Amino acid sequence: MQRIFVALPWLSLIICGLSWLRFGIDLPLGDDWGTYIDGTMRSFKLSYLFAHGNDTLYPVGKILDTLAYRLIDGNTIAYQLISMIGVLGLLLLLQWKLLSFTLKDKTLAASAFSLTILMLQPDTYWGWQNLAYHQALPLLACLTSLYIVLALQWKATKVFLSCFVLGLLGGFSYISGAFSSLTLGIVLLIAHHFWRGSDFEKSRMRFGGLGLLISGLISTTAQMWVITGIQKGTHIPGLRMALPTEIDFWLFMMGKNCTVHDAANQSTGSFTGFDTHCCRSSMLFRFLHISNV
6 MQRIFVALPW LSLIICGLSW LRFGIDLPLG DDWGTYIDGT MRSFKLSYLF AHGNDTLYPV
66 GKILDTLAYR LIDGNTIAYQ LISMIGVLGL LLLLQWKLLS FTLKDKTLAA SAFSLTILML
126 QPDTYWGWQN LAYHQALPLL ACLTSLYIVL ALQWKATKVF LSCFVLGLLG GFSYISGAFS
186 SLTLGIVLLI AHHFWRGSDF EKSRMRFGGL GLLISGLIST TAQMWVITGI QKGTHIPGLR
246 MALPTEIDFW LFMMGKNCTV HDAANQSTGS FTGFDTHCCR SSMLFRFLHI SNV
């Protein structure tokens, strides 16, 4: 029974990967177009890596995106498959490690791990923009930090350096990572005072908490500077939205209605559907125009 409980989330992840290979389309979407428009998709320049976008600093994600452009030519299907299996796989592995460390009853740990199947919703971060998974990287950094502090028998100095680096990576992956590193650091520093384990364990918690606290303060300050200093408290989207009154909107709708699979044997039906959309929208705009007059 333990093996079934443990296998369920992994089986779900495999199905998610196969589904993406079957139904994924190699086409940039949404915010992914930003780097194509300004020509920075292959850049490692610091001015690009540390330029704010989508209300956050995310140089870590930009480095990963640039590597994807250079190594796999920005192939959407390959990139999202790698990020999906890599990120979700590591999240599952870390949760299993932490549950096994915390719960000595393996059956209880396995049954608890089976509930992680509920978090395997690839449409949350995959299936749309390539860069959406950047928002999941802070969670990966936090869980790795917890595993290092609680489970690995590393010396305090090594724990501090590891947590400091992980805190910076998470904090500069997305704005949520800065606050999560800061919060986790504070929690570990408070928890070590009440820890009933050995002095060695308390020392690991203290130094791990310090590493996360310092990196969290650095990244939080930088992220808050973007929001309050540069953007003056306003939201600046990463890519301008196209409205139905603009040709870009209808070009996108045409591409969406006539997919790669439809083009081979259903092109007529697709364009007929597109014409129907156009007619309906034209009638709607005409009605609104007459109403306003």
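Sequential numbering of the sequence shown, starting at 6, is according to our numbering.
Where a beta carbon is used, it is the ideal one built from N, C-alpha and C, also for glycine.
Bear in mind the structure is a predicted one, so any value in this text is a computation, not a measurement.
Close Cβ partners of residue i (< 7 Å) along its chain, the five nearest in sequence each way excluded
{"i": "Phe10", "result": "Ala115, Ser116, Phe118, Ser119"}
{"i": "Val79", "result": "Strictly speaking, residue 79 in this sequence is Gly, with Val absent from that position. Excluding residues within five positions, the ones whose Cβ falls inside 7 Å are Met46, Ala73."}
{"i": "Ser48", "result": "Thr71"}
{"i": "Ser208", "result": "Ala161"}
{"i": "Pro64", "result": "Leu54, Phe55, Phe177"}
{"i": "Tyr152", "result": "Leu99, Lys102, Leu103"}
{"i": "Gly37", "result": "What sits at residue 37 in the sequence shown is Asp, not Gly. The answer, listed in chain order, is Gln134, Asn135, Leu136."}
{"i": "Ala227", "result": "Leu62"}
Nearest neighbour of residue i, chosen from the options [CA to CA]
{"i": "Pro33", "options": "Leu125, Gln85, Val164", "result": "Gln85"}
{"i": "Leu62", "options": "Asn80, Trp101, Ser178, Met6", "result": "Ser178"}
{"i": "Gly182", "options": "Ile90, Lys67, Lys207, Leu217", "result": "Leu217"}
{"i": "Lys50", "options": "Gly39, Asp37, Thr71, Asp60", "result": "Thr71"}
{"i": "Ala141", "options": "Phe169, Met89, Tyr152", "result": "Met89"}
{"i": "Ile30", "options": "Gly234, Gln134, Leu174", "result": "Gln134"}
{"i": "Phe169", "options": "Leu123, Gly221, Thr112", "result": "Gly221"}
{"i": "Ser24", "options": "Asp253, Asp128, Asp36", "result": "Asp128"}
{"i": "Ile223", "options": "Gly175, Arg27, Leu123", "result": "Gly175"}
{"i": "Gln100", "options": "His197, Leu215, Ile87, Pro14", "result": "Pro14"}
{"i": "Thr112", "options": "Phe254, Gln7, Trp255", "result": "Gln7"}
{"i": "Met124", "options": "Leu157, Tyr41, Ala227, Leu95", "result": "Leu95"}
{"i": "Leu69", "options": "Arg27, Thr121, Ala137, Gly44", "result": "Ala137"}
{"i": "Met229", "options": "Asp253, Ile180, Gly39", "result": "Ile180"}
{"i": "Gln126", "options": "Leu93, Ile219, Leu148, Thr226", "result": "Leu93"}
{"i": "Gly91", "options": "Arg75, His139, Gly44, Leu76", "result": "His139"}
{"i": "Ile122", "options": "Asn262, Gly234, Leu16, Gly260", "result": "Leu16"}
Assigned secondary structure, residue i (DSSP; H/G/I helix, E/B strand, else coil)
{"i": "Gln7", "result": "helix"}
{"i": "Thr61", "result": "strand"}
{"i": "Pro14", "result": "helix"}
{"i": "Ser178", "result": "coil"}
{"i": "Leu293", "result": "Caution is warranted here: a pLDDT of 42 is assigned to Leu293, below 50, making its placement in the model unreliable, and the coordinate value is therefore given only provisionally. Leu293 falls in the helix class under three-state DSSP."}
{"i": "Ala269", "result": "Bear in mind that the predicted position of Ala269 carries a pLDDT of just 41, short of 50, making it too unreliable to give a figure here."}
{"i": "Ser275", "result": "Note that Ser275 has pLDDT 43, beneath the 50 cutoff, so the model's placement of it is unreliable and no number is given."}
{"i": "Met46", "result": "coil"}
{"i": "Pro143", "result": "helix"}
{"i": "Glu206", "result": "helix"}
{"i": "Gln126", "result": "coil"}
{"i": "Thr71", "result": "helix"}
{"i": "Ala247", "result": "coil"}
{"i": "Gln134", "result": "coil"}
{"i": "Gln85", "result": "helix"}
{"i": "Gly214", "result": "helix"}
{"i": "Asn80", "result": "coil"}
{"i": "Ala156", "result": "coil"}
{"i": "Lys109", "result": "coil"}
{"i": "Asp253", "result": "helix"}
{"i": "Arg201", "result": "coil"}
{"i": "Leu95", "result": "helix"}
{"i": "Ile30", "result": "coil"}
{"i": "Ala56", "result": "coil"}
{"i": "Gln100", "result": "helix"}
{"i": "Gln236", "result": "coil"}
{"i": "Gly190", "result": "helix"}
Presumed contact (8 Å Cβ cut-off) between residue i and residue j, rounded CB distance
{"i": "Leu144", "j": "Phe106", "result": "Actually they are not in contact, since the Cβ atoms of Leu144 and Phe106 sit about 18 Å apart, beyond 8 Å."}
{"i": "Ser150", "j": "Leu189", "result": "7 Å"}
{"i": "Gly172", "j": "Ala146", "result": "7 Å"}
{"i": "Leu303", "j": "Leu103", "result": "The structure shown has nothing for residue 303, since the chain only spans 6 to 298."}
{"i": "Met210", "j": "Leu193", "result": "5 Å"}
{"i": "Thr225", "j": "Phe254", "result": "So it is not a contact: roughly 38 Å between Cβ atoms."}
Other residues of its chain near residue i: CB distance less than 6 Å, five sequence neighbours each side excluded
{"i": "Ile82", "result": "Gly29, Asp31"}
{"i": "Trp131", "result": "Gln85, Met89"}
Same chain, Cβ closer than 8 Å to residue i, neighbours up to 5 away in sequence not counted
{"i": "Gln236", "result": "His57, Asp60"}
{"i": "Phe165", "result": "Phe212, Gly213, Leu215, Gly216"}
{"i": "Lys67", "result": "Tyr53, Leu54"}
{"i": "Ile219", "result": "Phe169, Gly172, Gly190"}
{"i": "Gly22", "result": "Leu86, Met89, Ile90"}
Quick one: any contact between the stretch 249 to 264 and the stretch 194 to 207, if contact means 3 or more CB pairs under 8 Å?
no
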